[in-house]
Amino acid sequence: MASSTKRVTLANSARKLPKGAKLVGAADPKQEIEISVRLRAKRADDEQVMALGAQPPRERQYLSRTEFAEQMGADTADVAKIDDFAHHHDLNVKSVHLASRTVKLTGTVKAMGAAFGVKLNKVKHEGATYRMRKGNVQIPAELEGIVVGVHGLDNRPVAQPHFRRKSASKTAKKGATARAGQGGSFSVEEIAKLYNFPGGETGAGQCIAIIELNDIDTKGHPTGAGYKTSDLKTFFKKAGIPMPQIAPASVDGGANKPGHSDADGEVVLDIEVAGAVAPGAKMVVYFAPNTTNGFIDAVKAAVHDNARKPSVISISWGGPEDPESSQQFVDGLNEAIRDAAAMGVTVCVASGDNGSADMAEGWDGKPHADFPASSPFALACGGTNLRAPNGSITEVVWNGGPQDGAGGGGVSVMFAEPKYQANAHVPKSPAHRSGRGVPDVAGDADPATGYQIFLNGVMTTIGGTSAVAPLMAGLIARINEATTKKFGKTVGFINPLIYASHAQGVFRDITVGNNDITGSLHGMYKAGPGWDPCSGLGVPNGAALQDLLAA
C-alpha cells in the first residue's frame, strides 16, 4: 500500500457546487477535521431484504445486531488496509465500527486533501460559509471496490426540517378556541382516535429513535437545536399522558441545545407526537450535524444501537433529489435504512412540505421527490388536510400554496421502481423512467389543521409531513408491542405487505386534491383512486393495519 502511486476515481463521488455559491478561498490547511470511510459489506443483498419484507412478520427471520455485524459488516482485512492507508498519509484512525462498515479518520485539511486527491475550499452560500470540495474523490487502486464512500470532506447542510407553522392569516385570534376539524387544530390523541389507532398498547417494551440535525458554524461545529424538558413535561401533563422516558444521544458532536435554531420546533414536534401516541415506549433523540457525514452517522447510530435497540426510527429531515447531491451520500444513507430493514426496524420518513416541486428556493421548474423518503426501504409519509366536524371525516391532499406548503410526493430519479409498487401504476419520473413512487402513506400535515404542541412555554400549532413520520412511528411502536407479545417479533419493513392485494381496506383512499404547490406543473400530481404521488395508498386505519401485520 505504501508504495502504490496509482490512483482511481471513487465511483459516485462527484459533488457539484450549489447554485449561487461563491468561492471565498482555500480552507485552513491546519484545521483538524473528521471524516468517515465507508467500506464494502461482506454480504449485502437488496433483493433478500425486499423478499424478507414480503413475508408475514411472524415468519421472518431477522438478523440480530450481533449477527448482522458478523454477516453483513465490514471485513477486518479491509479495515487493516484502511489503517495502512491512513498512516501512510499522516491520518489517524479514530474509531472502527464493523457493523456499520465505517472507519473514522482524523487529520488536517492539508493531509485529507492529499490523501483523497481533492482541494478543499471555503464557499459562501445563502449567507453561511462552509468547507466544500468539487469533483471526485481519488483513492489508491488497491482500495478500489473496498472503499465505497468517503463522507465529511465538505460540510455544507444537506437537509431541511419538514415542519410548517400555521401562517398568521390562518392563526386564530387571541382568546379564540379552535374546534377540532373545523379549520382548527387537533390534539395528537384526537388524530390517533380519528385514524382508529389500536387501543390497549402504548408501545411498552419498544424504543423509538428520532433523528435530528444541528446547524453548524463556520468551523463545522454544531450550533444546536433541541428540546426543553420543561416544555415536554408541560405538554404531557396537559394531555393527561404519562411522560415517556426520553434521552438525547450525541453523534459526531451533535447535542440537545435548544434556543439556537428554529429547528427546535421540529425536535419538539417529533417528540411530542411520537410520545403522545406511544407513551410506553422509550425514546432516544440522536443529534448530529446537518452534513452528509452527520446525517448518515445519525441513522447508523440508531440502527446499530445495541444497547437501546430501537425498533422504529422517525426521520423528519430531507431534501430534493437533485444533481447537487452526491450519489455516494444517497447510497450511504439508503444502505443504513436497508440495514434497519434487515434487522426488523421500521424507518418512517417525512416526504417533504413543498409539494411536487420539493424546492423552496432556486427551483428549477421540475418536479422532485424528497430523499431519504424516496429510499425504497423507507416508509414515506405524505400529507393531508384533515377536517372532522362532529367526527365526520373529510380529508384531501394538503396544498396550501407556497406560503403554507403542500405534501411532498413524486417519482424518484435515483431509485428504480421497487417490485412492491409494480401494480401501483406509478407514473414515469421526470427523466421518463420508471422510479420509486413517493409517498407510501399519508396523514394530517396541513398547519391549518395541524397538531397542538407545547413549545417555548406556549401551546402552538405545527404541521408538515414532519408530524406524520413520528405519528406513524408511534403507531408502529404500538403494533410492535402487540406482535412482540403475540409471536416475539417486530413488524420491520412493511412496504411490500401494505401494497399487496390482501391489504385492501387497510387504508382510507384520498382521492381529492393535488400537490402542485406552484400551480405551474399542470396539477402534477393529482389524487385519485388507489395509490398516487401525493397521498400514497392513503391514511391507515390503525387497527386494520395492526390486524394485517399481526396475522
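Mapping of the sequence shown onto UniProt numbering: residues 1 to 551, in sequence order.
Every residue, glycine too, gets a C-beta built ideally from N, C-alpha and C.
Same chain, Cβ closer than 7 Å to residue i, neighbours up to 5 away in sequence not counted
| i | result |
| --- | --- |
| Ala551 | Pro56 |
| Thr511 | Ala527, Gly528 and Pro529 |
| Gly465 | The sequence given here places Thr at residue 465; Gly does not occur at that position. If we look at Thr465 and ignore the five residues flanking it on each side, its Cβ neighbours are His162, Ala350, Ser351, Gly352, Asp353, Cys381, Gly382, Gly383, Gly407, Gly408 and Ala445. |
| Gly145 | Arg40 |
| Leu548 | Leu497, Ala503 and Val506 |
| Lys366 | Pro430 |
| Asp46 | Arg338 |
| residue 552 | Summary: the structure shown does not reach residue 552, with the chain confined to residues 1 through 551, and so no result is reported for it. |
7 Å Cβ cutoff met for residue i and residue j
| i | j | result |
| --- | --- | --- |
| Ser351 | Gly408 | yes |
| Val312 | Ala204 | no |
| Ala298 | Val349 | no |
| Ile517 | Asn354 | yes |
| Ala27 | Asn121 | yes |
| Gln206 | Glu481 | yes |
| Val397 | Asn515 | yes |
| Thr108 | Lys30 | yes |
| Gly265 | Leu455 | yes |
| Asn256 | Phe236 | no |
| Pro310 | Asp358 | no |
| Ile241 | Ala278 | no |
Limits of the unbroken beta strand (DSSP E) element including residue i
| i | result |
| --- | --- |
| Asn121 | Asn121 to His125 |
| Asp45 | Taken as a continuous stretch (DSSP letters only), Asp45 belongs to no beta strand (DSSP E), as it is neither H nor E. |
| Gln452 | Tyr451 to Leu455 |
| Asp83 | Here Asp83 belongs to no beta strand (DSSP E); instead the alpha helix (DSSP H) covers Thr76 to His88. |
| Pro92 | The question names Pro, yet the displayed sequence has Asn at residue 92. That run of the beta strand (DSSP E) goes Asn92 to His97. |
| Met132 | Ala128 to Met132 |
Neighbourhood of residue i by C-beta, 6 Å cutoff - its chain only, sequence neighbours within 5 removed
| i | result |
| --- | --- |
| Asp154 | Arg131, Met132 and Arg133 |
| Ile210 | Asp270, Val285 and Ser314 |
| Val148 | Arg38 and Arg40 |
| Gly344 | Tyr62, Thr490 and Gly492 |
| Pro222 | Asn214, Ile216, Gly253, Gly254 and Pro289 |
| Gln328 | Asn12, Ser13 and Gly149 |
| Asn293 | Ser36, His151 and Gly152 |
| Thr291 | Asn155 |
| residue 612 | No statement about residue 612 is possible, as the shown extent of the chain runs from 1 to 551 and does not include it. |
| Ile246 | Met283 |
Opening and closing residue of the alpha helix (DSSP H) in which residue i lies
| i | result |
| --- | --- |
| Leu333 | Gln327 to Ala342 |
| Phe236 | Thr229 to Ala239 |
| Tyr499 | Asn495 to Tyr499 |
| Thr291 | No alpha helix (DSSP H) contains Thr291, which DSSP labels as neither H nor E. |
| Pro402 | Gly401 to Asp404 |
Counted within 10 angstroms of its Cβ, other Cβ atoms place residue i as buried (16 or more) or exposed
| i | result |
| --- | --- |
| residue 552 | Since the first residue shown for the chain is 1 and the last is 551, residue 552 is missing from the structure and cannot be characterised. |
| Ala128 | exposed |
| Lys174 | In this prediction, Lys174 has a pLDDT of 33, which is less than 50 and means its spatial position is unreliable; what the coordinates show is noted afterwards. Lys174 is exposed by the Cβ-count criterion. |
| Val458 | exposed |
| His432 | exposed |
| Ile208 | buried |
| Thr202 | buried |
C-alpha gap between residue i and residue j, whole angstroms
| i | j | result |
| --- | --- | --- |
| Gly382 | Ala503 | 19 Å |
| Val411 | Val468 | 20 Å |
| Gly450 | Tyr227 | 20 Å |
| Tyr420 | Tyr499 | 6 Å |
| Pro157 | Val330 | 14 Å |
| Arg165 | Ala543 | 30 Å |
| Gly259 | Met283 | 21 Å |
| Gly318 | Ala378 | 12 Å |
| Ala77 | Ala341 | 26 Å |
| Ala44 | Met243 | 39 Å |
Proximal residues to residue i (C-beta, below 8 Å), its chain only, five neighbours per side dropped
| i | result |
| --- | --- |
| Val79 | Leu39, Val96, Leu98 and Val103 |
| Val539 | Tyr195, Thr384, Glu395, Val441, Ala442, Gly443, Phe507, Arg508 and Ile510 |
| Lys94 | Glu34, Lys104, Leu105 and Thr106 |
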